[in-house]
Every structure is written in C-alpha cells, then in structure tokens.
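Numbered per this note's numbering, the sequence shown spans residues 648 to 1071.
Beta carbons are placed, not taken as given, at the ideal position from N, Cα and C, and that holds for glycine.
Written below as structure tokens is the structure these notes are about.
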Amino acid sequence: MRVLVIGGGGREHAIVWKIVQSSRVTNIFCAPGNPGIATLAECVPIQADNIQDLLSFAQDQAIDLTIVGPEAPLADGIADHFRQARLRIFGPGRMAARIETSKVFAKDLMRRSGIPTPSAETFTNVIRAQEYLRRHNMPVVIKADGLAQGKGVVVATTLAEAQKAVTDLLEQNVLGASGATIMIEEFVAGDELSVMALTDGNTVVPLLASRDYKRIFDNDQGPNTGGMGSFAPVDSVDTALMNRILNEILQPIVDALSSLGSPYRGVLYAGIMLASDGPKVLECNARFGDPETQVVLSLLKTDLVDLLGAVVDHQLDALSPIEWHEGAAVCVVLASGNYPSRPNVGKIIHGVAKAENIDDVNVFHAGTKIGDMGLMTAGGRVLGVTATSTDHRGARAKAYEAVAHIIFDDMQYRRDICHKGVET
Ligand code: GLY
C-alpha cells in the first residue's frame, strides 16, 4: 500500500511512526511533514490546507489510503473532494466535521440527542453577552464557535476575566470570524478525559482513554494551550464507564450525524469531564487529539492501517477486538518560550539523539525545522517526548529522564504530567 499522511505536527509524526510498522505498507508520504517525520517517510512540500495539490498528488502517486491529521483541511471538505475522486481517505466530510468546526452546532446536536453536556447560551452581540455575564456566577467558560487552534476557550474565574474574553472575541475580533459567535458555558468541575473512537458512521470502536494537560503551567495554571502533555491509559476508566461513554455519548453523536445525512467516517474525539453526576462532553473534535495520539498509538499493538482501512471501507463491524500493549505511556511536550502567545522560535535544539537513545522513548517532532545550525524550533509546541513502560510511574520517569537531555533557549514544559498520585 501507498499511504499519504496529511499534516506536520507531533500527532502526524506518531501516526507515521505507527504506520511504518505495518507490513502492508510499501511507501509512506507525508505532506508537509517535519524533520522528525522525514526520518520515516518521504515528505512532500504541499501544505495541509492545499486540497487541490494534495488531490493531484494522491492521484499521480496512486495513493491507496490518505489519513488527515489536522482539522483545517477537514473543515474545508478535503474528505468530500477525495471521495468524489474515488480516493480512499480517513476523515469526515465537511458537514460531519461541523462537530468540531462549530461549537454551537455540536452543542445543539448534543442537546437534541440527550447527550450529557454542560448548559450554554450563544451570543453574537457583545452587550447581550455582558448582560448575561452579570447575572451569572463565576467561573464560566467562554468558547469561540469556530476553529481557533487551541485559543478559543477561556475558563474565566472572575467577572472581569469573563468580560475581557467576551470583548476580545465579539468586539476586538481577536479570532476573526471564528469568534464572531460565542458560547458562554456552565463550568463543570472534575477530571478531564479524552476518548477517541473510530467510526464508519454505524459502528463505533473506542480507543484507550487518555488524559491531556491543557494549561501551560503546572497545577493547571495559566492559559489554555493545544496540550502540554498526556498519558494513557486512565485507570479510573473501567469497562463500565467506557460502555457508558460509548452508549450515552459516542454512539448517539454518530447516530445523530447520520440521521442529519452527514455520516461520520474517521476518528471522533470527545473531550469529557468526569463530573460528580457522570461524564459530560466539553468538546468534540473531528480528528485525532494532539498530544493524545502520541500516547495512545504508543500502546497500540494492532496494525493501524487495518483499523483505518476498516473505517474507510465501512467494515468496522467485522473488526477483531483491538489489541493493546500492557503498561502505560506518557508524553511531555517541550514548548517554545512565550507559547501559547507568539512563540520565540528559531532556537537551536540540542540533545534529541541522546533522548531517543533511551529504550522505549520516542521524540515526536511538532514545531521543528532544519536550519543553518541543524535542528531548530519553528513553532509553539516543539517536541513531544514520549515513553512507555510497564506502569505510569515508569513511563513518567523515563519521559522526564529523556526530557533532561534536551535543551533549547526559553524551553518550557510542565513538570507534573502524569504526576505521582494520579496513576500508579
Ligand atoms: N489535545 C487537544 C486536542 O487535540 O484538541
């Protein structure tokens, strides 16, 4: 098989790493890829949002399976274009991808389907939104309706913070059209969980549950990011809870999209809060999570190409149970200084080879490039240092041992990923 992976971040590096292990794959291309991916696949200089060139490339190169990493091309309908051209592609069409591209669409769909999710109101008018805030207790969660690369959610603990977030979005237009409609959502306390599930529009097969660390600083302080680390599995998710998430959340979302005439084929990501009265959906994504993919695929034993092929060919119902490696995986994200605001980039990265020399450690590249001085930083999240071991404690220790070898100017990372006491 000839496989094309679209994207160039840590998630795509992990996908390529796993696909390389498939005996069915002869050639792997990645567009645009990154220096880490280039050690495993042939990187193609086509940006992930250039649908026309990606389509031409897939046709010219007789690609058998295309896997879409990021949300932007899904939002632009890449899967529809490929399917119309009779190309096999893993990812939902534009209409189904609204589950991520419009928070308001997702909330309405979940409400209508009786899926547990925090209550929320929608606003386009700044005065109405400010009035609403004055009548409500803090904290609240302010969400931009559209795609915002991890910058569209503010958890406001004071009225002033909430008012600023609303003004930024509805008056200052800091996210442009993505923030022209907002939701003000009830804050729900609890532990967060990421559950990704494969679906062909009928059958839904959850993957291992994982946990993502969204805030920039230790102890969940500071602004939200795309994700500063992750671990899997989450011990508190037993079979009963996973069945509940499947039956009360994932399957109803997939069924609701199908009944709207937008069947969902790909991976559905549910960001879930384990509240005192049960799991509630905070957000849905139309793609693999980043950095959740790095830990979940590190523990996957089954051939990923078989899994994704079963989705594309509507054969998930015939799939054998997914097999997982025993143990745990931990990913620590190394980020540029000043991230999640405008990151300080162009710094020389030292020590990656030493980190990778440790057994069961993978350093997945996210924002890197090869410059005059070798490997350099080129984005907010730079590397995802990922380790597996027989238990969480071991995986965590190994990940941080590897992190200690890597250095670049202004590097920042969290010290509390999968911290002691969370998992044994
Ligand atoms: N880690 C959260 C996300 O992928 O959206």
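Taking 9 Å as the cut-off, the beta carbon of Lys-1045 is found closer than this to the beta carbon of Val-1008. Bounds of the beta strand (DSSP E) holding Lys-790 are 787 to 791. When DSSP states are grouped into helix, strand and coil, Gln-868 belongs to the strand group.
Of the residues Ile-698, Asn-674, Val-1050, Ala-982, the one whose Cα lies closest to the Cα of Gly-654 is Ile-698.
Checking the DSSP bridge columns, you'll see Ala-976 partnered with Ala-879, Thr-1035. Listed as beta-bridge partners of Pro-853 by DSSP are Ala-844. Annotation for Asn-890: the continuous alpha helix (DSSP H) segment containing it runs 886 to 892. In the structure shown, Tyr-911 adopts coil according to DSSP, grouped into three states.
Relative to the ligand GLY, the beta carbon of Lys-750 is positioned no closer than 8 Å to any heavy atom.
Among the bridge pairs identified by DSSP, Ile-653 is matched with Ala-678, Val-715. Rounded to whole angstroms, the gap between the alpha carbons of Lys-861 and Thr-814 is 23 Å.
From the listed residues Glu-659, Glu-718, Glu-895, Ser-670, the smallest Cα separation to Ala-678 is found for Glu-659. For Leu-954, the enclosing alpha helix (DSSP H) stretches over residues 951 to 959. When DSSP states are grouped into helix, strand and coil, His-728 belongs to the helix group.
When rounded, the separation of the alpha-carbon atoms in Gln-941 and Ala-856 is 12 Å. With a threshold of 16 other beta carbon atoms within 10 Å, Asp-937 meets it and is buried. Contact between Phe-1011 and Gly-1031 holds, since their C-beta atoms are separated by about 4 Å, short of 8 Å.
A straight line joining the alpha-carbon of Ile-774 with that of Leu-780 spans about 10 Å. Taking every protein chain shown into account, the CB of Asp-960 has fewer than 16 other CB atoms within 10 angstroms, so this residue is exposed.
Secondary structure of Pro-720 (DSSP, three-state): helix. In this structure, Pro-765 is the residue among Asn-894, Ala-887, Pro-765 with its C-alpha nearest to the C-alpha of Glu-833. In the assembly as shown, Ser-703 is an exposed residue. Its beta-carbon has fewer than 16 other beta-carbons within 10 Å.
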